[in-house]
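Numbered by the working numbering, the letters in the sequence shown go through residues 18 to 521 in order.
Glycine included, C-beta positions come from ideal geometry on N, C-alpha and C.
The model shown is predicted, which means the values in this text are computed figures rather than measured ones.
Comments concern the structure below.
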Amino acid sequence: MEQMAAARPRRLSAFTAAVLAAILLVYVATRVGTIVRLPWFIDEGSHARFTQDFASDLDQAFGSLTIAKEPLSIWIGAAFTKLGFTPLAATRVVSFAAGLLTLAMVGLLARKLGGNGPALGAMGLYAVLPLFVVHDAVGIMDPLLTALTTSALYLQLELAERPRLWPALGLAAAMGLGLLSKEGAKATVVLLPLSLLCFDWRAPRLRRRLGRWVAYAALGVAGALAGWLLLRSSSLWERALAIREAPLLYPVRDVGDALADPWRWTRENWPVYRDTLTGYVTLPVAGAAVAGLVLALRGRPRPALVLAGWFAALLGAALLLPISPYPRHALFLAPIVVAFAGLALARGAGALGARLGPRRGAVVAAAGAVLLLVPALRVDARVLADPAEARYPGRDDVQYVTGPQAGAPWPRVADEVRRRTRPGEPVVRSRAVVYVPELLLEDRNPFVFAGQPAAARARVLVRDELPFPDPEGDRLLVRGGFRLVATLRRPRGGAAVRVYARSG
């Protein structure tokens, strides 16, 4: 009877349940606050178009490979459209759901490092860290990649510590789905041997246990292979590979080029991640993570070394591989930072409780945590107050607010099109205009380029500020009798979208 009682899972205490509920409430409130008010930017329009295409035609399952993007987030988004979400909203719901999975996995990683206290600390930190407050609400592929990568890391630790079937099956799913979500998931396969640091090399029956680990690890790799083979089964796979050879179309270096001159690429890319560190993660949280690493190396060195190794490898990939890096390219390594920082917060609270007593210690610890999080909470407050015009760290300010990628003008563009056209009439768009206004119009009007035959019938022309010339659009603008009817400028004097209507 005692063994049966010991085998039963321990129920959550009332305090732990209350903290988890509060963390979940903060997560939902902060993400929804951004989801519903941040204008859709350029990448979300592309993802939403592929989502809509697949939702209406199963033959378009691999349509995103035409721009060398993996399809998993598209598939999940299409499922959400069946529940009533618009394609644009569905892309963000995928990120929101992925963030929930990452939230849980961050807690489990921190629990590996030090128990329930660090788990709660890490989950609370994840809920308010600006990097995740923003990106868990944006319809891009990186939150899903982060969720699956973090899941794979946790399951690899679990499998190494106790080789069993369930973590092997979970690992197969995480790595296979990861490769269907984004190319960066290849790291989960490459880093799998590192988890052997957590394998018990001194326990009896070493050969038998190691054989089981090898078999179960092979099952995990088989899942990754299945995901890769599914991608290769598409007739568009060769096209995706060809696109990945063109830096202008797919701005990611191959590993050989990256390693040929690593210091150059590190110097070029580091400023983006420096801004991410100071603006989205904040220096106090980074300092707590360093302290957490030191504490973990003293207490549970094996999982600490695995997490540190993963962080170093993923940071190297983020520094060397992107040609045009953005803060989101560091998203999949940030859960490790949060896990270590959560450990430091919990240990600090525990030390204060032991010295000052439970009540006074809890008050002082809470005050210290708030002080540590002041820079992060200031960014959160700025973003949540007005996601459309807030100042974001680094390149994200151009991407989400001021630059041609940003989405603030598109609802007003859609209003102008509705007012000046009849349903079905084409609208000419410049090369920089994205799918977002067309989707906001629910495809009421097809958008065409100036060189297409339907452009001759168009009564409205929409032009964004271009990073490249559009001579056909220039000719149509001059010869087609168009006049400027609206200039829609992005916040803080950002790039303008101009709407022209045909005279007469």
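Is the beta carbon of residue i less than 8 Å from the beta carbon of residue j?
| i | j | result |
| --- | --- | --- |
| PRO352 | VAL207 | no |
| LEU331 | ALA65 | no |
| ASP153 | GLY116 | yes |
| ALA144 | LEU172 | no |
| LEU360 | LEU209 | no |
| CYS215 | PRO88 | no |
| TYR267 | LEU336 | no |
| LEU126 | LEU324 | yes |
| LEU11 | THR163 | For the chain, the structure presents residues 18 to 521; residue 11 sits outside this window and is missing. |
| THR83 | LEU401 | no |
| ALA475 | GLU442 | yes |
| LEU369 | ALA382 | yes |
| MET140 | LEU120 | yes |
| ALA185 | LEU176 | yes |
| THR299 | VAL151 | no |
| ALA467 | GLY498 | no |
Out of the options, which has the shortest C-alpha to C-alpha gap to residue i?
| i | options | result |
| --- | --- | --- |
| ARG429 | TYR417, LEU505, PRO410, LEU401 | LEU505 |
| LEU478 | ARG496, SER447, TYR452 | SER447 |
| THR108 | LEU137, LEU161, ALA136, THR83 | LEU161 |
| LEU294 | ALA334, PRO344, ARG492 | PRO344 |
| THR68 | ALA232, ARG270, GLY156, GLU255 | GLY156 |
| ALA473 | GLU482, ARG492, ASP460, ARG461 | ARG492 |
| VAL495 | ARG509, GLU459, TYR517, ALA379 | TYR517 |
| TRP254 | LYS99, ALA78, ALA35 | ALA78 |
| TRP327 | THR205, ASN286, ILE260 | THR205 |
| ALA334 | GLY201, GLY316, ASP217 | GLY201 |
| ALA356 | LYS99, LEU146, LEU105, TYR44 | LEU146 |
| THR438 | ASN462, THR299, ALA313, ALA386 | ASN462 |
| GLU512 | LEU41, GLY468, VAL415, VAL238 | What sits at residue 512 in the sequence shown is Ala, not Glu. Here the closest residue by C-alpha is VAL415. |
| ARG219 | PHE113, ALA259, GLU178 | GLU178 |
| LEU236 | GLY62, TRP282, TRP183, ALA329 | TRP183 |
| LEU258 | ALA449, GLY490, GLY498, ALA85 | ALA85 |
| PRO421 | GLY510, ASP271, PRO392 | GLY510 |
Starting from the C-beta of residue i, find all residues in its chain whose C-beta is less than 6 Å away, skip the five residues before and the five after it, and write them out in chain order.
| i | result |
| --- | --- |
| ALA358 | LEU142, VAL302, ALA305, ALA306, GLY309 |
| VAL354 | ALA306 |
| PRO56 | ALA405, GLY424, ALA425 |
| ARG480 | SER447, ARG515 |
| ALA22 | Any reading at ALA22 is ruled out, since the residue's pLDDT is 41, under 50, leaving its predicted position unreliable. |
| ALA363 | GLY134, PRO135, GLY138 |
| PRO454 | TRP427, VAL430, ALA431 |
| ARG507 | THR419, ALA423, ALA425 |
| LEU211 | VAL323, GLY326 |
| ALA503 | GLU433, VAL516 |
Report buried or exposed for residue i, applying the criterion of at least 16 other Cβ atoms within 10 angstroms of its Cβ.
| i | result |
| --- | --- |
| GLY486 | Checking the sequence, you will find Pro at residue 486 rather than Gly. PRO486 comes out exposed. |
| LEU223 | exposed |
| VAL451 | buried |
| GLU262 | exposed |
| PRO318 | exposed |
| PHE32 | exposed |
| LEU188 | buried |
| VAL444 | buried |
| LEU197 | buried |
| PRO440 | exposed |
| GLY80 | buried |
| GLY365 | buried |
| PRO488 | exposed |
| GLU19 | Below a pLDDT of 50, predicted positions are generally treated as unreliable, and GLU19, at 36, falls in that range; the measurement from the model is reported next regardless. That one is exposed. |
| ARG128 | buried |
| LYS99 | exposed |
| SER73 | exposed |
| ASP76 | exposed |
| GLY94 | buried |
Only counting the same chain, and skipping five residues up and downstream in sequence, which positions put a Cβ closer than 7 Å to that of residue i?
| i | result |
| --- | --- |
| GLY296 | VAL396, PRO410, GLY411 |
| ARG10 | Any answer about residue 10 is impossible in this case: the structure gives the chain only from 18 up to 521. |
| ARG528 | Given a span of 18 to 521 for the chain in the structure shown, any question on residue 528 remains unanswerable. |
| ALA243 | GLY193 |
| ARG25 | Low per-residue confidence applies at ARG25: pLDDT is 48, beneath 50, and the placement is therefore not dependable, though the value from the model is reported in the following sentence. Counting only Cβ-Cβ distances below 7 Å, and skipping sequence neighbours, we find nothing. |
| SER251 | PHE79, LEU82 |
| ASP500 | The sequence shown places Arg at residue 500, rather than the Asp named in the question. Cβ neighbours of ARG500 beyond the five flanking positions: TYR517, ALA518, SER520. |
| LEU213 | ALA177 |
| ALA386 | LEU362 |
Could you name the residues of the same chain whose beta carbon sits closer than 8 Å to that of residue i, not counting the 5 residues immediately before and after it, in chain order?
| i | result |
| --- | --- |
| TRP287 | LEU336 |
| SER341 | PRO268 |
| VAL36 | LEU137, GLY141 |
Which complete alpha helix (DSSP H) runs does the stretch 109–172 hold, if anything under 4 residues is left out?
133–145, 147–152
In chain order, what are the residue ranges of uninterrupted alpha helix (DSSP H) at least 4 long that sit wholly in the stretch 243–318?
254–260, 272–277, 279–292, 300–316
So within the stretch 375–435, which uninterrupted beta strand (DSSP E) runs reach at least 3 residues, ignoring any that extend past its ends?
none
Please list the segments of the alpha helix (DSSP H) lying wholly inside the stretch 45–90, counting only runs of 4 or more residues, in order along the chain.
59–73
Could you name each continuous beta strand (DSSP E) segment of 3 residues or more that falls completely within the stretch 452–511, going from the start of the chain to the end?
477–481, 499–506
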